[in-house]
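Q:
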Amino acid sequence: MKPAIHQSQLDMLTGKCAIMYEHRYINNIKVPPGIAVHAGTGVHQGAAKNYEHTIEHGTLLDTEAVVEIAVSAFDAALEKDGAIDDSPSERGDAKDKTVRLARLHAERVAPARMPAAVEKSFRLELGNYPIDVVGTIDLIEKNDELSDVKTSGKSPQESIVHSSVQLSAYALAKNAMDGKPLNTEVAVRLDYLVDTKLPKHVPLHSSRNGIDYQNFLKRVELANQMIESGVFPPTSPGNWVCSAKWCGYYNDICAFGRRGRSHNTEGN
Ligand code: SF4
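Those letters in the sequence shown? Residues 634 to 901, per my numbering, in order.
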């Protein structure tokens, strides 16, 4: 079978930081993520189980059951992968955040959704390309809208939903799975759970059509060229991700992190 790239790897390689992709997937150096990632994993898991229950039984889970699932998933992810910023206080804060946002999703978001499929795996077979794209669509609703849940400490810019590569991959994959013309327009959404003083839900709506799919396929082509040539440029040194807090390669591994700077940006 042809090699495949996961849509999250594609995002890292052609968006976040290409040399981060090299460290992780070419040199196989694994480092723990920030602890906030595990809070997101927990909230995701609670939401997914709630939607699965709705599809199977026609009713939502109790809110406290969703919170319990989210906290267990947070604990399991932290146990398995560790965290760059793990400490008793960070751990307590992240767990509290998991509880708040899982509860927000269960009470404010899930009741308004009509799930048709949850955590749907796909393989986007790209005949003219040397690699395929694989991934998992978080939620497909009965009206065919695709969505993903995001957790954040601040309100998102609306532009983020229009530019998400992840949502373009989902939409193209959905057309392929349904046997529809590949340029069919698909409605997409990001459900942001924002951990402000009073946690709030910010739904961001957009769509994808042929223009976005062409853009996505160019990205796949570029990713393949980068992998074949072995050229993986670093992100801009001013990018928020290029810091000890957000990149596990920053302190000791990456030549473009702390070791390559006379003034480090750990406080980013
Ligand atoms: S330290 Fe900066 S350049 Fe290096 S992998 Fe991390 S984000 Fe990329």
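Each residue gets a CB set at the ideal place from its N, CA and C atoms; glycine is no exception. No experiment lies behind these values; they were computed from the predicted model shown.
By Cβ distance, which residues of its chain are closer than 8 Å to residue 639, with the 5 residues on each side in sequence left out?
A: As a working note, residue 639 is residue 6 in the sequence shown. Excluding sequence neighbours, residue 639 sits near 766, 767 and 768.
Q: Please check if any C-beta of chain D sits within less than 8 Å of the C-beta of residue 653.
A: Chain labels in this structure do not include chain D; a single protein chain is all it has.
Q: I'd like to confirm something about residue 656: is its beta-carbon nearer than 7 Å to some heavy atom of the ligand SF4, or not?
A: Numbered from 1 along the sequence shown, position 23 holds the residue referred to as residue 656. True, at least one ligand heavy atom lies under 7 Å from that Cβ.
Q: If we require 3 or more residues per run, which beta strand (DSSP E) segments fall completely within the segment 719-776?
A: Segments of the beta strand (DSSP E) lying fully in the segment 719-776: 748-757 and 765-774.
Q: Reducing DSSP to helix, strand and coil, say where residue 839 ends up.
A: By 1-based counting over the sequence shown, the position of residue 839 is 206. In this structure, residue 839 counts as strand in the three-state DSSP scheme.
Q: Rounded to the nearest angstrom, what separates residue 650 and residue 700 at their Cα positions?
A: Mapped onto the sequence shown, residue 650 falls at position 17. Mapped onto the sequence shown, residue 700 falls at position 67. The straight-line gap from Cα to Cα measures roughly 33 Å.
Q: What would DSSP say about residue 779, mapped onto helix, strand or coil?
A: Counted from its first residue, the sequence shown places residue 779 at position 146. DSSP places residue 779 in strand when its eight states are reduced to three.
Q: Just to check, is the beta-carbon of residue 664 closer than 7 Å to a non-hydrogen atom of the ligand SF4?
A: Position 31 of the sequence shown, counted from the first residue, corresponds to residue 664. Not so, every heavy atom of the ligand SF4 lies at least 7 Å from the Cβ.
Q: Do you know how far the Cα of residue 895 is from the Cα of residue 771?
A: Counting from one through the sequence shown, the residue named residue 771 turns up at place 138. Counting from one through the sequence shown, the residue named residue 895 turns up at place 262. Computed Cα separation, rounded: 42 Å.
Q: Please classify residue 729: is it buried, with 16 or more other beta-carbons within 10 angstroms of its beta-carbon, or exposed?
A: In the sequence shown, the residue the question calls residue 729 occupies position 96. Its Cβ having fewer than 16 others within 10 Å, residue 729 is exposed.
Q: Once the 5 residues before and after residue 815 are set aside, which same chain residues still bring their CB inside 7 Å of it?
A: For the purposes of this step, residue 815 is taken as residue 182 along the sequence shown, with counting starting at 1. These residues qualify, in order along the chain: 805, 808, 809 and 846.
Q: Within the same chain, show all residues whose beta-carbon is closer than 8 Å to that of residue 732, passing over the 5 residues directly before and after it, in chain order.
A: Within the sequence shown, the letter at position 99 stands for residue 732. Counting only Cβ-Cβ distances below 8 Å, and skipping sequence neighbours, we find 700, 703 and 704.
Q: In whole angstroms, what is the alpha-carbon distance linking residue 736 and residue 802?
A: Mapped onto the sequence shown, residue 736 falls at position 103. Mapped onto the sequence shown, residue 802 falls at position 169. Answer to the nearest angstrom: the Cα atoms are 29 Å apart.
Q: Have a look at the DSSP bridge pairing and note the partners of residue 822.
A: Sequence index remark: in the sequence shown, residue 822 carries index 189 (1-based). DSSP lists 780 and 838 as partners of residue 822.
Q: Where does residue 903 sit, in a helix, a strand or coil, going by DSSP?
A: Since the displayed the chain opens at 634 and closes at 901, residue 903 lies outside it and no answer follows.
Q: If you compare alpha carbons, which of 794, 776, 777 and 775 is closest to residue 783?
A: In the sequence shown, counting from the first residue as 1, residue 783 sits at position 150. Closest by alpha carbon: 794.
Q: Given that a residue counts as buried once 16 or more other Cβ atoms are within 10 Å of its Cβ, and exposed if not, what is residue 841?
A: Residue mapping note: residue 841 aligns to position 208 of the sequence shown, counting from 1. The residue is buried, with at least 16 neighbouring Cβ atoms inside 10 Å.
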